[in-house]
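I have placed the structure first, in the form of structure tokens, so that the comments after it can refer back to it.
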Amino acid sequence: MRPDWDSYFMKIAAAVSERSTCDRALVGCVLVLDKRILTTGFNGSPAGQEHCDEAGHLIVDGHCVRTIHAETNAIIQAALHGVSTRGSTCYVTHLPCINCTKALINAGITRIVYGEAYRIDENAMAFLQAAEIEVIQHHNGMAEIPGQ
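Going by our numbering, the first residue of the sequence shown is number 23, and it counts up by one from there.
Structure follows, in structure tokens:
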């Protein structure tokens, strides 16, 4: 059976996550506009730097700071290649953290579809609501709007 668009792009985000180099959370992100992929990103170290799977984790206050998050990497790829993300949907394997949330808001993302609620940050959720960004949790072909 042919998957719906959200399921299709979430499967691609899951495939992108396989490139992640920080095994604390293998995260993949796909930015999509008009059913076309703009960019992808996965969590990993800055270009040319050692990755967690090579050098180990660099833990500060319980977080690995060696890596750039998948959503941020997808936004950076768009910037590097002159691709506007305004009005696009972010498909991501994990609910964005507060820093990625702020970056997605400023990148003009209008919709976020995520798989796993790794951590729910109430401030991030408030920012998304204030920015009127649609947020949908996607489970194996089933979608739900958090809090409803």
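Just so it is clear, CB atoms sit at the ideal spot from N, CA and C, and this is done for glycine as well.
- If we count the other Cβ atoms within 10 Å of its Cβ and call it buried at 16 or more, is residue 161 buried or exposed? For the purposes of this step, residue 161 is taken as the residue at position 139 of the sequence shown. Classification for residue 161: exposed.
- Following the continuous beta strand (DSSP E) through residue 159, name the residue where it begins and the one where it ends. Here residue 159 refers to the residue found at position 137 when the sequence shown is read from its first residue. Start and end: 156-161.
- Query: Does DSSP put residue 38 in a helix, in a strand, or in coil?
  - Reply: Along the sequence shown, one-based indexing puts residue 38 at 16. Helix at residue 38.
- Task: Would you kindly report the start and end of the unbroken alpha helix (DSSP H) that includes residue 127?
- Result: Locating residue 127 in the sequence shown gives position 105, counting from the first residue. That run of the alpha helix (DSSP H) goes 120-128.
- Task: Consider the Cβ of residue 107: report whether some Cβ of chain D lies at a distance smaller than 8 Å.
- Result: Absent from the structure: chain D. Only one protein chain is present.
- Is it buried or exposed for residue 27, if we count other Cβ within 10 angstroms and need 16 for buried? By 1-based counting over the sequence shown, the position of residue 27 is 5. Burial call: exposed.
- Leaving aside the five residues before and after residue 127 along the sequence, list all residues of the same chain whose C-beta is less than 8 Å from its C-beta, in chain order. The sequence position of residue 127 within the sequence shown is 105, counting from 1. Cβ within range, chain order: 149, 150, 153 and 155.
- Query: Excluding the five sequence neighbours on either side, which residues of its own chain have a C-beta within less than 6 Å of the C-beta of residue 135, listed in chain order?
  - Reply: Working through the sequence shown from its first residue, we reach residue 135 at position 113. The answer, listed in chain order, is 28, 113, 158 and 160.
- Query: Roughly how many angstroms separate the alpha carbons of residue 93 and residue 76, rounded to a whole number?
  - Reply: Residue 93 sits at position 71 when you count from the first residue of the sequence shown. Residue 76 sits at position 54 when you count from the first residue of the sequence shown. If you take the alpha carbons of residue 93 and residue 76, they lie about 22 Å apart.
- Item | Segments of 3+ residues assigned as beta strand (DSSP E) that fall wholly inside the stretch 90-118 | 111-116
- Task: Would you list the residues sitting across from residue 50 in a DSSP beta bridge?
- Result: In the sequence shown, residue 50 corresponds to position 28, counting from 1. Residue 50 pairs with 64.
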